[in-house]
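Novice: First the structure, which I've put down as structure tokens, then a few questions once you've had a look.
Protein chains: 2
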Amino acid sequence: RLAKESPRKIPIPPGHTAQSLEVALRDLAEILGQQWVKFNDVPLIDGDYHAVPLSHDSYHILDPDDLVPSAVCWPADTEDVVKTVKWANKWKVPIWPISVGRNLGYGGSAPRVRGSLVLDLGRRMDRILSVDTENAVCLIEPGVQYVTLYEHLQEIGVGNDLWVDVPDLPGGSVMGNALERGVGYTPYGDHWAHHIGLEVVTPTGEVIRTGMGSMEGSECWQLFPYGYGPHQDGIFSQSNYGIVTKMGMELLPNPGGVRVFMAAFPRREDLYQAIEIIRPLMIKKIIGNVPMFRLGLQDASLYKTRDDFELDERGIVKPDSLKKVIEELKTGEWVFYAVVYGPDEITQAKYEYVKKQLGQINGTKFYQREDVPPEHYLHNYAHYTTGIPTWRELDRMKWVPNASHMFFAPVSANSGQDAERQSNMCKKRMEEYGFNCLDTFFIGTRAMHHVISFMYNRKDAEERTRALACIRALIDDCAKLGIGEYRTHLALQDQVAKTYNWNDGAIMKFNEKIKDALDPNGILQPGRSGIWPKEYRGKGFEL
Amino acid sequence: RLAKESPRKIPIPPGHTAQSLEVALRDLAEILGQQWVKFNDVPLIDGDYHAVPLSHDSYHILDPDDLVPSAVCWPADTEDVVKTVKWANKWKVPIWPISVGRNLGYGGSAPRVRGSLVLDLGRRMDRILSVDTENAVCLIEPGVQYVTLYEHLQEIGVGNDLWVDVPDLPGGSVMGNALERGVGYTPYGDHWAHHIGLEVVTPTGEVIRTGMGSMEGSECWQLFPYGYGPHQDGIFSQSNYGIVTKMGMELLPNPGGVRVFMAAFPRREDLYQAIEIIRPLMIKKIIGNVPMFRLGLQDASLYKTRDDFELDERGIVKPDSLKKVIEELKTGEWVFYAVVYGPDEITQAKYEYVKKQLGQINGTKFYQREDVPPEHYLHNYAHYTTGIPTWRELDRMKWVPNASHMFFAPVSANSGQDAERQSNMCKKRMEEYGFNCLDTFFIGTRAMHHVISFMYNRKDAEERTRALACIRALIDDCAKLGIGEYRTHLALQDQVAKTYNWNDGAIMKFNEKIKDALDPNGILQPGRSGIWPKEYRGKGFEL
Ligand SMILES: Cc1cc2nc3c(=O)[nH]c(=O)nc-3n(C[C@H](O)[C@H](O)[C@H](O)COP(=O)(O)OP(=O)(O)OC[C@H]3O[C@@H](n4cnc5c(N)ncnc54)[C@H](O)[C@@H]3O)c2cc1C
Ligand SMILES: Cc1cc2nc3c(=O)[nH]c(=O)nc-3n(C[C@H](O)[C@H](O)[C@H](O)COP(=O)(O)OP(=O)(O)OC[C@H]3O[C@@H](n4cnc5c(N)ncnc54)[C@H](O)[C@@H]3O)c2cc1C
């Protein structure tokens, strides 16, 4: 018998009984080794960022016991993953791979279908398989975190030359984040766009390598993004078509200089003009990174909790109170963090140019590192943009007690009109539901990830329910205007997927056709991104 | 009856007789209109670049009558494409879409399976659907050529601000070339990487839009590359999974200045050191475009024909004779064309830096436009790199009488070792078969397209056969060393696909699984990239 650590009832996957599941898992324990398979009968303790549980979504928006696995296993290598996949096909148990499981705000380590087996790939498959310093690329396994990759580059003495693009928090998996098409801060901030080559275990247990890796003995697997014939990589992002066991990632070569700065804008209406000014700076790559345009209140939440403000009866920060804090922090209704790269003469020229452009907005203030106190976020920003991990974003998690955040993350054009429209709409709807709208725009070449931190007290069931209702309303509000999310929490993936409805939802029919071809038994991550295998469709699994 | 223009026998597709085909095509003529369907009974006239025939591969390497369609049709819009696809499923006729059909060196307008119906999309679907000047993107149909897009931008008055990345010859389709993952010269030279959003008709006749286009009313279809869930685009490049009817393309904003230059290296061995020096310049984006490293002889072929040289008995240019021409042209054994972009101060600094680096190679000469006579290719290069089409590459097509070229196009690491190894190996093998090896390396961030122009007299059956045998030997030589081609001629796609053989050819099994799911009747481009639908597999269709 597998050890059970507590008396909590183990959730049973569809089509199974407690008995059949136990038989199946005992079989898996034979295959992987007893110590590498465990029932999920532990108490559901939320832990914190540094100790994310595998038992459930620690930032739960549903009941904590809703999205829970029946068991967890720890494969050692690709071969173990293949065996587990074949096992799943044999026993028809849904499986859910995670690389690290810090997908906080989008579902954490939790599976979509209750009772799935979680494959915690990261624990044993956490090797940095190679670092090619001349070509600035590496090959990694699922468990490699931003912070471990960073430390490794330091250790081997190339940390000054080759940078890792780190997102807000560096404890996530480089692979997991890229597969979710997450964003960071440097010129390589579109993580998916900067991966190069995959090894994938298909839902029926074949192993493929994409790009040049599909040729025996190629030395270009991590150098040339394509191979010959169809380029498959994209279909393995945000999907349930395969388990990625190796991934190439480009490293950013030190551009030989950097100048970080912050601009603060006094009025909420300045959003429109500022984005219009920034748009050509992005397309022309005068600003070299993925800069960040943030609501003053969101920026302030790094220094303050909600209780530091005067609130109205709904819990919304009062405008006058915000004004006071903004004055104290010397920021504005909006703040803009960006960086220009290169040797001093070049960054000087670029900075002056950007300043002149944004300076057209009345009352704009500019800050560089020497202008701000040591606790100022700009210093952290200087770290992010030079590939140095920082944990500063955790400060934000004190906003309310037992704070969780969900991200509501629509895509916006790089246009004043779209940014303003989205921001105002979200603010209105969120305040109606009693939440402060905390916007950040991550600005890409031609579009932005408009990421709204949705902060709630996860121990308060009423607040949780309200948060969920609000975000559901927002998804619908946006869809009506043709605005879609780039990524969403497990509980909302069905709804978001349905908003991608062009031509009667043709894309989902296409996705399902591929799903059925690759995963005839429907064992791999049923429901991820709203894609259900045929056995699950129309049987009430959708949320 | 459909009009027949000449008595040439019409090739019949597998599974059909002349009668059944005629019935089927008459049905199609009812659907599309009589004038939009024609039997391919015209004489096989090779024409020239400006008049590429739809009857066969005008740069044929096989017998001209080998890769020929039974008929050609001209759909007017996506709806017509859907109807044609449904027709093909009903009648089980293989179909072969082309956008413009100038895929010279890789098969021209010809289909892979004899007797296929060619869909000439470009003739009637040639609209530039939108140009978004603020965001520097456009939405185009298949028939839009580089030159027409260029002219359109001039006409609407934005030609100075927004540039088209043109490849060597601008008569190709912007879409067709991107789908082939072709290369150009500016920072947007990886054409596939700079498309943004597709509309695709699937092999069963559904219409999907990818990325944000999969949401009704989205304004971000041409702004944000991904949508929600799996990103499908890649599987439609170099594949037979769908017919693309619309594609977004990014336009390059004028970077505010440009400095083009050429460097010439005296010795063949300089290749090694030069590529080693160029490698970091690429990764660090000091050189801003996709520069070109070219054999002196290949460069000379723009000014000279083969008969201008002294040849040995096999037809190979004698080293001394080459030396003389190189002296006359003031070039070298290798020449490098590149560009740095930006305002004058920046290009000055970058150019000086590049010059200093490459200047480490003894005897390197540098040229800018003012240093060379008016007929020098550097002036054409200055056009390419600023998005201005030129026809100059046609000069090369005088090398031998009835010159065709095939491209042998392996991928190389950006490393001296790989470049030298490939170049020497190809030279040796090609000279053994009596062909001059004409190398060009198109240098990307971390890898190169090593494109070798394989020039032969297509009217000489012996020479053609020898060329084919030589290129087949090269494919095998390379595969043994783990070197693979990025793209190849129709006649060689089976062989090249087989060299992508990692894990017992796992990638092809994966490709076939997708093919069977999307195209159960196997009607769309059977054999493209070596992917055969199930009805065709193992039945001797492979070449
Ligand atoms: C305060 C805060 C700030 C944040 N800031 C950012 C930010 O700046 N940018 C950002 O992108 N995110 C951000 N996040 C969200 C999240 O923390 C990161 O995206 C994190 O990297 C995701 O978790 P992970 O990397 O551990 O991935 P995992 O949880 O391991 O995986 C993520 C998803 O991918 C799937 N998956 C993982 N590995 C594989 C595999 N090998 N094969 C197939 N499928 C797989 C999993 O099933 C899961 O659905 C933030 C979160 C918090 C709490
Ligand atoms: C002298 C010379 C120089 C050249 N230089 C270059 C160069 O610098 N760079 C380069 O990349 N190439 C070069 N080429 C090769 C070729 O001319 C170009 O790549 C050209 O753009 C391809 O032809 P096309 O655009 O008309 O595409 P098409 O012939 O229309 O299509 C190419 C392929 O894609 C498929 N296809 C086309 N449209 C669709 C669609 N809508 N849906 C599905 N499948 C489709 C077709 O079936 C075909 O297999 C050169 C050729 C010559 C002769």
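Residue numbers (my numbering), protein chains in the order written: chain A, 980 to 1522; chain B, 980 to 1522.
We treat Cβ as the ideally placed atom computed from N, Cα and C, and that holds for glycine.
(1) If you draw a straight line from the C-alpha of residue 1298 of chain B to the C-alpha of residue 1400 of chain B, how long is it?
(2) Hey, is residue 1427 of chain A close to ligand 1, as in C-beta under 7 Å from one of its heavy atoms?
(3) Is residue 1222 of chain A close to ligand 1? I mean its beta-carbon at under 7 Å from any heavy atom of the ligand.
(4) Measuring alpha carbon to alpha carbon, tell me which residue in B:1208, B:1517 and B:1213 is nearest residue 1209 of chain A.
(5) Can you grab the Cα-Cα spacing for the pair residue 1296 of chain A / residue 1413 of chain A, in whole Å?
(6) Could you tell me which of B:1421, B:1242, B:1160 and B:1327 sits nearest to residue 1236 of chain B, measuring between CA atoms?
(7) Flag this pair as yes or no: are the beta carbons of residue 1148 of chain B and residue 1280 of chain B separated by less than 8 Å?
(8) Bridge partners of residue 1345 of chain B, per DSSP?
(9) Where in the region 1311-1338 of chain A do unbroken runs of the alpha helix (DSSP H), each at least 4 residues long, occur, reported from the N-terminal end onward?
(10) Between the C-alpha atoms of residue 1124 of chain B and residue 1038 of chain B, what's the straight-line distance to the nearest angstrom?
(11) Rounding to the nearest angstrom, what Cα-Cα distance links residue 1495 of chain A and residue 1183 of chain B in this structure?
(12) Name the DSSP bridge partner or partners of residue 1232 of chain A?
(13) Residue 1117 of chain B CB to nearest chain A CB: under 8 Å?
(14) Please confirm whether any heavy atom of ligand 2 lies closer than 7 Å to the CB of residue 1082 of chain A.
(15) From this set, A:1059, A:1245, A:1393 and A:1394, which residue's C-alpha is nearest residue 1345 of chain A's C-alpha?
(16) Per DSSP, what kind of secondary structure is residue 1360 of chain B in: helix, strand or coil?
(17) According to the neighbour-count rule (16 or more other Cβ atoms, all chains shown, within 10 Å of its Cβ), is residue 1419 of chain B buried or exposed?
(18) Given this structure, state the Cα-to-Cα distance separating residue 1106 of chain B from residue 1118 of chain B, to the nearest angstrom.
(19) Taking the DSSP output, what are the residues bridged to residue 1027 of chain A?
(20) Is residue 1147 of chain B close to ligand 2? I mean its beta-carbon at under 7 Å from any heavy atom of the ligand.
(21) Short of 7 Å in beta carbon distance, which residues of its chain neighbour residue 1139 of chain A, apart from the five on each side in sequence? Order them along the chain.
(22) Counting only beta-carbon separations shorter than 8 Å, does residue 1481 of chain A have a partner in chain B?
(23) Any chance the region 1506-1517 of chain A sits against the region 997-1014 of chain B, with 3 or more Cβ pairs inside 8 Å?
(24) Report the CB separation of residue 1017 of chain A from residue 1050 of chain A in whole angstroms; it is logged as a contact under 8 Å.
(25) Check whether the Cβ of residue 1365 of chain A lies closer than 8 Å to any Cβ atom in chain B.
(26) Within 8 Å of any Cβ in chain A, is that where the Cβ of residue 1262 of chain B sits?
(27) My assumption, with CB atoms under 8 Å, is that residue 1318 of chain B sits in contact with residue 1238 of chain B. Please give the rounded CB distance.
(28) Taking the straight line between their C-alpha atoms, what separation do you get for residue 1095 of chain A and residue 997 of chain A?
(29) Identify which residue in B:1385, B:1091 and B:1303 has its Cα closest to the Cα of residue 1045 of chain B.
(30) Specify, as a first and last residue, the run of the alpha helix (DSSP H) that residue 1404 of chain A falls within.
(31) What do you get for residue 1349 of chain B, buried or exposed, if any count of 16 or more other CB atoms within 10 angstroms of its CB means buried?
(32) Which of the residues in the region 1313-1341 of chain B, read from start to end, lie with their CB under 9 Å from any CB of chain A?
(33) Thinking C-alpha only, which one of B:1390, B:1283 and B:1393 is nearest residue 1354 of chain B?
(34) When DSSP labels each residue in this structure, what does residue 1076 of chain B get in the three-state scheme?
(35) Considering only residues of the region 1144-1208 of chain A, which uninterrupted beta strand (DSSP E) runs meet the minimum length of 3 residues and lie entirely inside it, listed in chain order?
(36) Can you tell me whether residue 1517 of chain A is helix, strand or coil according to DSSP?
Specialist: The short version:
(1) When the Cα atoms are used, residue 1298 of chain B and residue 1400 of chain B turn out to be separated by approximately 20 Å.
(2) The answer is no for residue 1427 of chain A.
(3) The beta carbon of residue 1222 of chain A sits closer than 7 Å to at least one heavy atom of ligand 1.
(4) The residue from B:1208, B:1517 and B:1213 with its alpha-carbon nearest to that of residue 1209 of chain A is B:1213.
(5) Taking the straight line from one Cα to the other gives about 10 Å.
(6) The shortest Cα separation from residue 1236 of chain B among B:1421, B:1242, B:1160 and B:1327 belongs to B:1327.
(7) Inclusion of residue 1148 of chain B and residue 1280 of chain B in the CB contact set at 8 Å is not warranted, their separation being larger than that value.
(8) Listed as beta-bridge partners of residue 1345 of chain B by DSSP are B:1242.
(9) For the region 1311-1338 of chain A, whole alpha helix (DSSP H) runs of length 4 or above, ordered along the chain, are 1323-1337.
(10) Taking the straight line joining both Cα atoms gives about 20 Å.
(11) Near 16 Å, if we compare the C-alpha coordinates of residue 1183 of chain B and residue 1495 of chain A.
(12) Bridge partners of residue 1232 of chain A: A:1141.
(13) Not a single C-beta of chain A is nearer than 8 Å to the C-beta of residue 1117 of chain B.
(14) Ligand 2 never approaches residue 1082 of chain A closely enough for any of its heavy atoms to be under 7 Å from the residue's Cβ.
(15) Nearest option by C-alpha distance: A:1245.
(16) The answer is helix: DSSP assigns residue 1360 of chain B an H, G or I state.
(17) It counts as buried.
(18) Spanning the two alpha carbons is a distance of roughly 9 Å.
(19) By DSSP's assignment, residue 1027 of chain A forms a beta bridge with A:1030.
(20) The answer is yes for residue 1147 of chain B.
(21) Listed in chain order, the non-local C-beta contacts of residue 1139 of chain A below 7 Å within the same chain comprise 1233, local neighbours out to five positions each way being set aside.
(22) Yes, contact with chain B.
(23) No, because fewer than three Cβ pairs between the region 1506-1517 of chain A and the region 997-1014 of chain B fall closer than 8 Å, the two stretches do not touch.
(24) Yes, they are in contact, since the Cβ atoms of residue 1017 of chain A and residue 1050 of chain A sit about 6 Å apart, within 8 Å.
(25) Not one chain B Cβ lies under 8 Å of residue 1365 of chain A.
(26) Chain A, which has a Cβ nearer than 8 Å to the Cβ of residue 1262 of chain B, makes this yes.
(27) Right, their Cβ atoms sit about 7 Å apart.
(28) Distance between the alpha carbons of residue 1095 of chain A and residue 997 of chain A is about 13 Å.
(29) Ranked by Cα distance from residue 1045 of chain B, the first of B:1385, B:1091 and B:1303 is B:1091.
(30) Element bounds for residue 1404 of chain A: 1395-1411.
(31) When all chains shown are included, residue 1349 of chain B counts as exposed.
(32) Against chain A - using a Cβ distance shorter than 9 Å - the residues of the region 1313-1341 of chain B are 1321, 1322, 1324, 1325 and 1328.
(33) Nearest neighbour of residue 1354 of chain B by Cα position, chosen from B:1390, B:1283 and B:1393, turns out to be B:1283.
(34) Three-state DSSP puts residue 1076 of chain B in a strand.
(35) Counting whole runs of 3 or more residues, the region 1144-1208 of chain A contains the beta strand (DSSP E) stretches 1174-1180 and 1186-1188.
(36) For residue 1517 of chain A, the three-state secondary structure derived from DSSP is coil.
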